[in-house]
Amino acid sequence: MSELYYPDWQIRRVLRDTDVIAMVGASTSWNRPSYFAMKYLQEKGYQVIPVNPRAAGKTLLGEEVYASLKDIPVAIDMVDIFQRSDRVPPIVDEAIEVGTKVIWMQLTVRHDEAAKKAEDAGMTVVMDRCPKIEFGRLTGE
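Under this note's numbering, the first residue of the sequence shown carries the number 1, and numbering increases by one thereafter.
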């Protein structure tokens, strides 16, 4: 596997051009990293829509939880994946189907074949990074 490199300008552009984030694997448990990331990104002005089939229909941090990307009734700019790497391909397939612009795989999450498929579909892909951490790093927080 080659080393991943994303120039700061690319990360800034993604974060600047994103309004709606679908967080696949969002947890209703306050002590999970996805919960912290969702709360932080909401505080920074993003609409973060949680996707978790086990919690579908519930409310998480003021947002309805959906079972899948296809169930979300608004356009999604970014899909933030809080899942194991082996679960990424079907998420990317669904993101392509709904017309997402960005696939963002969280820390330790990487799937080169799914990334290529997303890029071939015209999406921007970021792997093994956290948008919460990158936002803070790039804004000096």
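Each residue gets a CB set at the ideal place from its N, CA and C atoms; glycine is no exception.
DSSP state of Glu63 mapped onto helix, strand, coil: Translated into the one-based positions of the sequence shown, residue 63 becomes position 63. Correct three-state label for Glu63: strand.
Element boundaries [beta strand (DSSP E), containing Gln47]: Numbered from 1 along the sequence shown, position 47 holds the residue referred to as residue 47. Residues Gln47 to Val51.
Trp30, DSSP secondary structure in three states: Along the sequence shown, read from residue 1 onward, the residue named residue 30 stands at position 30. Looking at Trp30 - three-state DSSP - the assignment turns out to be coil, as it is neither helix nor strand.
Segment contact flag, the region 104-119 with the region 40-60, C-beta cutoff 8 Å, min 3 pairs: no
Reference Met105, options Met78, Glu97, Val98 and Gln47, closest by Cα: The sequence position of residue 105 within the sequence shown is 105, counting from 1. The option with the nearest alpha carbon to Met105 is Met78.
CB of Ala22 within 7 Å of CB of Val51, strictly: Counting from one through the sequence shown, the residue named residue 22 turns up at place 22. Counting from one through the sequence shown, the residue named residue 51 turns up at place 51. Yes, the Cβ-Cβ distance between Ala22 and Val51 is below 7 Å.
Cβ-based burial, Pro90 [other Cβ within 10 Å; buried from 16]: Within the sequence shown, the letter at position 90 stands for residue 90. Per the 10 Å Cβ criterion, exposed.
Cβ neighbour criterion (16 or more within 10 Å) applied to Ala37: Stepping through the sequence shown from its first residue, residue 37 is reached at position 37. Ala37 comes out buried.
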